[in-house]
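In terms of my numbering, the sequence shown opens at residue 3 and continues consecutively. We put the CB at the ideal spot given by N, CA and C, even for glycine. The structure under discussion appears below in the form of C-alpha cells.
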Amino acid sequence: MQKVWLLGVERDESLPDDIISLWADWCEEVPQLTDFSIPRCYFSDPLVNNFKTLELHLFPDASTKAYETVAYLRVTSYNKEILASFVASKNRTAPLKTLTLPRLELMGALQSARLSSNILKDLKLDIPCFLWTDSKLMFFWVRRQPERFKPFIKYRI
3 MQKVWLLGVE RDESLPDDII SLWADWCEEV PQLTDFSIPR CYFSDPLVNN FKTLELHLFP
63 DASTKAYETV AYLRVTSYNK EILASFVASK NRTAPLKTLT LPRLELMGAL QSARLSSNIL
123 KDLKLDIPCF LWTDSKLMFF WVRRQPERFK PFIKYRI
C-alpha cells in the first residue's frame with residue numbers, strides 16, 4: 003500500500019504490473035492464516051498460577067519500511083521452570099517522510115511503552131516490564147533528560 007501511495011496512483015488508474023503481482027501473491031497467502039494459532043490462555047497453566055515471578059518483556063525493532071514491537075509474559079515457577087507466552091504485537095509502516103533508522107527505533111520504543119501500559123491495564127497486572135533493544139542510540143536517548151534534545155526526540159522519550 004505504501005508503494006502505491008509513493009507512486010501517487012489515483013483511484014481510477016491501473017496499478018503497475020509489479021504492484022499487481024505483489025498483491026496477487028499476498029492474496030494467495032492470506033488463506034494460510036486460518037491455520038495459524040497462538041494460545042492465549044495465560045492463566046490456565048498450573049505453572050502460571052503458582053509463579054515466583056511474572057514479568058512483561060517487550061522487543062521493539064525498526065527498518066526503513068516499518069517499526070514494530072512484540073510483547074511476552076515470562077513466568078518463573080518456584081522450581082525454576084520458565085514459560086514465555088506471546089501477548090501482543092503492534093506494527094506501523096514507516097512514515098512517507100523519510101526518518102532515520104534511530105528515529106524509527108525510537109518510534110518503536112514509544113510504541114512498546116504504550117503497548118505495555120495497555121497490557122498491564124487490560125490484564126490488571128502490576129508487574130515489572132523490560133524493554134529490550136539492540137539500538138545503542140535509542141538506549142542513550144531514553145536514559146538522558148528529555149530537555150536536552152530537539153522536539154522530535156524530546157516528546158517521544
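Could you tell me the boundaries of the alpha helix (DSSP H) in which residue 116 lies? 103 to 124
Going by beta carbon distance, what residues of the same chain come within less than 7 angstroms of residue 78, once the five residues before and after it are set aside? 53, 54, 55, 84
Helix, strand or coil, according to DSSP, for residue 91 in the structure here? strand
Drop a sphere of 10 angstroms on the beta-carbon of residue 18, count the other beta-carbons inside from all chains shown, and report buried for 16 or more, exposed for fewer. exposed
Could you check how far apart the C-beta atoms of residue 73 and residue 110 are, in whole angstroms? I think they sit under 8 angstroms. The Cβ separation is near 12 angstroms, so there is no contact.
Cβ-based burial, residue 149 [other Cβ within 10 Å; buried from 16]: exposed
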